[in-house]
Each structure stands twice: as C-alpha cells, then as structure tokens.
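Residue numbers (this note's numbering), protein chains in the order written: chain A, 1 to 532; chain B, 1001 to 1178. Virtual Cβ for every residue (Gly too), placed ideally from N, Cα, C. Take a look at the structure below.
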C-alpha cells in the first residue's frame, strides 16, 4: 500500500512533558500506558510462572516433598488467578493501548485520563491479591474458579481481600474496554469505515463488548460471596435456602465468555501476522468478522458445559452439549482461513510468523480436546482430571501466550526502533515450542489414566509422565528468560535500526509512522486508508 | 494538536448503562434461577406447594421408595429414620418418621433440605407436610421426632419404579432468628 511517512523531525514531535517517575504516574499517553500494561503483565507472568515451577517441582515425584498440601492448593489457585486476571487480560489491554490508536489513525485513546486510572488500579489489585498469600490462615486455596461453599463457608479469612482484588481488576478491565469501544467508534481516521479496520481492532471491539457484558456479572457474584461471608445472607448456602449450584451458573456465565476474552485478541494478532509473512491478503476477511461475532454470541449460551457433572436435567445437558459443539464451526472457519492465507503464499519464517504458525497448529489441538470435553458421555470420564488441565493449557499457553510473543516480536521494532536479535528469538521459539508440548501433551494421557486435578500427591503409576511434564515445564520456564533478554536488548537500542515498514509484507497504518513510533502520532488524521 | 471529537459522552453513557445493567442482571439471576427451577420442576428446594388430596389408590403398582439421611459437614446432630425403604402404591398417603438427636449441651437449629432422585420424579412426590418446610429447633439433649406426610402421584411414568427421598441436615444455629 502507499505509505504516508510522517517526517520524524516533525515540528510537533514532543516527548513526554514530565521526567522520571512522575512521567509514568501522570501519563495519559497511550504508548506510555501500553508499555506500563505490558511491563506489569510480564511481571505477573513471572510471578505466576514461578508458582507453576513450584507446583511442577512438587509433582516431580509422588509423595509430599517441597510444599505442604495447603500451600500447594494456594499455589494452584494463585497461579490460575494471576495468569488469567493479572497476565493475559492486561497484556492484551496493553497491546490494545499501543496498537489500536496506531492502527486506526487516532492521536490517542478517547479517554486518556480514565486510561491512566484503569492502569494504575492494576498494581494495587495485584498487590492485594498476592499479599493474601502472606496473611494469617493463608491465601485463597479453593481453585481459580472459587466455587462456593469452598470460597464462602470454608475459605480462609483473606478471601475478603481476594474479593476486593477481583472487584478492582474487574473495574480496571471494564474501564479499559469502555475506552477501547469509544476509541474505535469515535476516533477512527475520518475515511476509515468500520469494515476497513484491521482484524486485530475488530477482535478487540468484540472482546471489549464481552468484557463489559460479563465482568459486571463476576463483580455481582463476588459481591454475593462477600455478603454470604460477612452479612449473613445465604445466596450460595443451602442451609439458608440458597444454592451452591447457583454460584456455578453465575461464575460460568462470566467464565465462558471470559475464555473468549482471552483468546479473541490472539485470533486478531495471528490474523495480522500471517498475511504479512505470507505476503497475501487475509483469506476470507469478511467471514473472519462473521465468525468472530458468531463465537462471541455463542459464548453466552454454552456456560453450563462446565457443569455437566452437577446433575443438570438431560434436556439442558443436551442443549449445552450441542451449542458447545456448534462453536467448532466458526472456529473452524478461522483456522481454515489462516491455512488458506498460507496456501501458495511467499512465506518467510521470521519469529512472529513461527509463533503464529505454532499458534494455529497447537491452538487447534486445544480446540479438539475441547470438542472431546463437550461430549457429555466422555466428559464423565475427563472432568476434573489432568485431561482438562492439558486442554485449557493448550489453548492458553501455545494459544494466547504464543500470540502475545508473536505480537511482541512483530511490533517490538515499531516500539523501540530497533530489530530484536533474530537468532536468539528463533532459539526462544524452538525451545518454547518443544518444551510446551513436552509439558502439556502428556497431561492428556495422565488425565485419561485417571489422575485428578489439583492434587499435590499422586499414585505411583503416574510418576514417569509427571516427570516428563515437570522437565518440560522447567525448560519452558527457563526459556522465557531468553525472551526477557531479547526484549531488553531491543529496548536498549542494540540491534540494527528498524525502518518504518519493518517487515517487507507489512500493511496497515501502524507501519506508516517512523520506528520508533514518535510520542505523538496522527495529530493530523491519515488520509490514505486501505479499503476493503 | 490533538483532535478530540465531541460526542464521547453519549457513547460512554450507553456503555456505562450496559455495565450497570449486567451487574443488576447478576442479582436478578437469583430470583430468576428459583423461578426457572420451580417452573421446570427441577432442583426442588423444599418449598411448600399446594397439593390436592388423592382420589383413588392404584394398588396395581408398587414404587420402591428409599429414604436417605445425610448430616452435612461437621453438624453435631444425629439424623436417621427407622425404616429405610417403603413399598408405596401411587395415590396412597404415607407418613414417614425421622428422628434427630442433639447430644451436645447447646441448643441447635437444624435446617433439612429435601432432594428427590431422579430429579424428574420431583413433580410426582406430593407432600402434605414435611419437616423440611420449617427450621427445627433441637434443644440440648433433645431427641425430636419429625414427619413427612406424602403420596406419590398416580401419573408417575411407568419406568419410574424406584425413587429416593434424600434429606440433608444443615446446622443453621448461627443464621436462625433468636
């Protein structure tokens, strides 16, 4: 496409108005806030990842070695909560902050002050959440799904802090989403129609709607928990006329769309990267958008497939089973389109492309195991086993996380103005992709053989596979330090200077501004818009 | 010079309204859930329903009714029934006695929650009176006799030959009115 290079030495190329720490505290610049989101979420990634390392060390052999059972439960719970609410959600908000204004030709997010606020709630919420681990009686130990009555009647005292942290995290992501929606609707370059928007922006628009639809439900649910715990109500307490199953309905009414909240932006990222390195247009662009909308709609009517074992009536179980299987159709459309984009493309295999290709293959494996879980007769066997753990880690780690790596390698030269170390990055990719399969694939077999979830000790016959899993996990964990090194080197200006285009096949408005992207971009709206 | 377009306010108001609406929806789910369960006859939560007296007894059929008692968690009360099974004719009214015993030195309040299995049999178990309809005050050292008076609707489908009436005892001493 025609490039509209802004001259780097433009007269209105200002830097931040404040220096030092106050720059970051008071900033309303979408790039600064995006960077802070990314840094925060990767700190959380390593905190949650360290917990996974302890979990895997404990599971390296049967018996209790490293941590007591109580601590183990706390670690699995906190690992899940931190990774979902502290890492994946904020990291996508960070990417949205950085990229959406650049991709739609807007000077900034629509509500910059609220943007600052929604970021700075996060470290507070994260600190509260992690601090519960050091409180008397320990932190949350009831699993990341915090089912009542485990989280109400039988929970440690610190659960009230956990509830507050969830409230704050919810507020942060709701504010972030409102900001994204207003930016997309009101701040697009004048000539850009909704239909012309890059797919990443589309996925975020849908995600933002999902967030404002379900995060309030989660907020309501934890509020009910708070009242049950402290004010004598019985929302989830059968003794007082309530119902613990209601908790599960409410939680999964939030929880299932949440699953798509943490995967749709990944779909968007991959849909940006694959066409760039296949040097073709995205195949079936409109069908991608329709599929996206269909997935978002279906996500609201499938929640009870997480509850097949609660004794739902047969008719309800059947409905939820078929509705769940239906999701495979739009998802299949997306996978087909990615493959069709690759087909007869002029492929090159830079690191973002490698991570995207791995995403397509490995996410699909996670999707297939999901399809297996959706079948009630087989779910009777699979539920609450390591099969489930294997399934959702496949969609979250080589799914969401790999897309985040792909996105960072893809846009890092735009952010820093320098290319990252391609050799090291490829090394990072290959170690990650091998060890991720070593970690999560054997989990399926463990689950099929009957190893339950959330246990610190296991029967002897599971030892060999658990050792493979643990070794894979340690390698995967260590490989992420390479990633940190690569990113820091690029931020410090090591590596060749990046051009505005960065990639030969890049397309879209973000590649029309210089690298690194100046502090203020698109003060004048761009006029050359690619039409679809 | 940043160009800020007017008109964010309207969109923000709509989005904030959606957010608030979904929060209210979460709380609305509580009564809606009960209403839905009552409407479909699933998840009988032990509420009192009006029953018509049966007109005829179907002696040609025998339904095996099992009674199972369960004490929830650490509740310090005993709970049992003497006859665990009953061969019931549809339409015949039966009275089954249950006992709870408080061996502690404190007064306790028990709440019994009734569940029938299979769940679809729920609508055919008609109770004229049940001890689960009220909280049971069990004083220290007391042994209390409680009754359920019920009959099985003669419309119960052929394939239902057995059903279970399951009672769980919860300690509700802290939540009871003084």
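Task: Chain-ordered chain A contacts of residue 1025 of chain B [CB-CB under 7 Å] - done: Chain A residues near residue 1025 of chain B: 217.
Task: Every unbroken beta strand (DSSP E) inside the stretch 92 to 123 of chain A [3 residues or more] - done: Taking only runs of at least 3 residues, no beta strand (DSSP E) segment lies wholly in the stretch 92 to 123 of chain A.
TODO: Determine the DSSP secondary structure at residue 533 of chain A, reduced to helix, strand or coil.
DONE: This structure leaves residue 533 of chain A out entirely; chain A is present only between 1 and 532.
- [ ] Enumerate in chain order the residues of its own chain whose CB-to-CB distance from residue 15 of chain A is below 6 Å, with the five nearest sequence positions on each side excluded.
- [x] Take residue 15 of chain A, set aside five residues on each side of it, and the residues of its chain with a beta-carbon closer than 6 Å to its own are 519, in chain order.
TODO: Indicate whether residue 496 of chain A and residue 410 of chain A have their beta-carbon atoms separated by less than 8 Å.
DONE: Going by C-beta atoms, residue 496 of chain A is not nearer than 8 Å to residue 410 of chain A.
- [ ] Sort B/1024, B/1057 and B/1108 by Cα distance to residue 1135 of chain B and report the nearest one.
- [x] A check of alpha carbon separations from residue 1135 of chain B across B/1024, B/1057 and B/1108 identifies B/1108 as the nearest.
Task: Residues near residue 294 of chain A in its chain [Cβ-Cβ closer than 8 Å; skip 5 each side] - done: Only 329 and 330 meet the Cβ criterion.
Open item on the list: Just list the residues that DSSP pairs residue 167 of chain A with in beta bridges.
Closed with: In DSSP, residue 167 of chain A forms no bridge with anything.
Open item on the list: I need the DSSP call for residue 272 of chain A, collapsed to helix, strand or coil.
Closed with: It is helical.
Task: Contact between the stretch 59 to 78 of chain A and the stretch 18 to 33 of chain A (3+ Cβ pairs under 8 Å) - done: When C-beta atoms of the stretch 59 to 78 of chain A are compared with those of the stretch 18 to 33 of chain A, fewer than three pairs fall below 8 Å, so the two segments do not count as touching.
Task: DSSP three-state assignment for residue 1116 of chain B, whether helix, strand or coil - done: Three-state result, residue 1116 of chain B: strand.
- [ ] Give the straight-line distance between the Cα atoms of residue 437 of chain A and residue 472 of chain A, rounded to the nearest whole angstrom.
- [x] Taking the straight line from one Cα to the other gives about 8 Å.
- [ ] Consider the Cβ of residue 1172 of chain B: report whether some Cβ of chain A lies at a distance smaller than 8 Å.
- [x] Residue 1172 of chain B counts as touching chain A.
- [ ] State the start and end residues of the unbroken alpha helix (DSSP H) segment that holds residue 262 of chain A.
- [x] Careful: residue 262 of chain A lies outside any alpha helix (DSSP H) and carries neither H nor E.
Open item on the list: Tell me the rounded alpha-carbon separation between residue 216 of chain A and residue 522 of chain A.
Closed with: Note on geometry: alpha-carbon atoms of residue 216 of chain A and residue 522 of chain A lie some 34 Å from one another.
Task: Alpha-carbon to alpha-carbon, residue 1113 of chain B and residue 229 of chain A - done: Rounded to whole angstroms, the gap between the alpha carbons of residue 229 of chain A and residue 1113 of chain B is 21 Å.
- [ ] Sort A/55, A/23 and A/384 by Cα distance to residue 477 of chain A and report the nearest one.
- [x] Of the candidates A/55, A/23 and A/384, A/55 places its Cα closest to the Cα of residue 477 of chain A.
Open item on the list: Among the candidates A/424, A/463 and A/482, whose CA atom is the shortest distance from the CA of residue 63 of chain A?
Closed with: Minimum Cα distance to residue 63 of chain A is reached at A/463.
Open item on the list: Which residue marks the beginning of the alpha helix (DSSP H) containing residue 382 of chain A, and which one marks its end?
Closed with: Segment 376 to 382, the alpha helix (DSSP H) holding residue 382 of chain A.
Open item on the list: Going by DSSP, what residue range makes up the beta strand (DSSP E) through residue 1070 of chain B?
Closed with: Counted as a single uninterrupted DSSP element, the beta strand (DSSP E) harbouring residue 1070 of chain B occupies residues 1063 to 1071.
Open item on the list: Within 8 Å, do at least three Cβ pairs link the stretch 388 to 406 of chain A to the stretch 354 to 370 of chain A?
Closed with: The stretch 354 to 370 of chain A is in contact with the stretch 388 to 406 of chain A.
Task: residue 458 of chain A - containing alpha helix (DSSP H), residue span - done: Here residue 458 of chain A belongs to no alpha helix (DSSP H), and DSSP marks it neither H nor E.
Open item on the list: So, for residue 161 of chain A: in the same chain, excluding its five sequence neighbours on each side, which residues have a beta-carbon less than 8 Å away from its beta-carbon?
Closed with: Non-local C-beta neighbours of residue 161 of chain A in its own chain, meaning closer than 8 Å and more than five positions away in sequence, comprise 128, 129, 131, 132 and 135, ordered along the chain.
TODO: Tell me, to the nearest whole angstrom, how far the beta carbon of residue 356 of chain A is from that of residue 406 of chain A; I am working on the premise that it is less than 8 Å.
DONE: Between residue 406 of chain A and residue 356 of chain A the Cβ distance is about 5 Å, and since that is below 8 Å, they are a contact.
Task: Beta-carbon proximity of residue 107 of chain A to residue 183 of chain A, cut-off 8 Å - done: No, the Cβ-Cβ distance between residue 107 of chain A and residue 183 of chain A is not below 8 Å.
Task: Helix, strand or coil at residue 1053 of chain B [DSSP, three-state] - done: Residue 1053 of chain B falls in the coil class under three-state DSSP.
Open item on the list: Taking 7 Å as the cut-off, is the beta-carbon of residue 1087 of chain B closer than that to any non-hydrogen atom of the ligand FAD?
Closed with: The model on display carries no ligand, and the ligand FAD is accordingly not part of it.
Open item on the list: Within 8 Å, do at least three Cβ pairs link the stretch 305 to 321 of chain A to the stretch 250 to 257 of chain A?
Closed with: Counting Cβ pairs under 8 Å, three or more are found: they touch.
Open item on the list: Within 8 Å of any Cβ in chain B, is that where the Cβ of residue 361 of chain A sits?
Closed with: Not an interface residue.
Open item on the list: Using a Cβ-Cβ cutoff of less than 7 Å, which residues in the same chain neighbour residue 203 of chain A once the five nearest sequence positions on both sides are dropped?
Closed with: Only 264, 265, 267, 268 and 292 meet the Cβ criterion.
TODO: Let me know the secondary structure DSSP gives residue 1163 of chain B once reduced to three states.
DONE: Here residue 1163 of chain B sits in strand by DSSP.
Task: Residues near residue 1063 of chain B by beta carbon distance below 6 Å, same chain, minus five either side - done: Here residue 1063 of chain B has 1088 and 1152 as same chain residues with Cβ atoms under 6 Å from its own Cβ, once five neighbours each way along the sequence are excluded.
Task: In DSSP terms, what residue 497 of chain A is bridged to - done: Residue 497 of chain A is bridged by DSSP to A/418.
TODO: Answer yes or no: does any C-beta atom of chain B fall closer than 8 Å to that of residue 185 of chain A?
DONE: Using a Cβ-Cβ cut-off of 8 Å, residue 185 of chain A counts as an interface residue toward chain B, since at least one Cβ of chain B sits closer than that to its own.
Task: residue 385 of chain A vs residue 311 of chain A beta-carbon contact at 8 Å - done: Between residue 385 of chain A and residue 311 of chain A, the CB-CB gap reaches or exceeds 8 Å.
TODO: Would you kindly report the start and end of the unbroken alpha helix (DSSP H) that includes residue 517 of chain A?
DONE: Per DSSP, residue 517 of chain A lies in no alpha helix (DSSP H) and is assigned neither H nor E.
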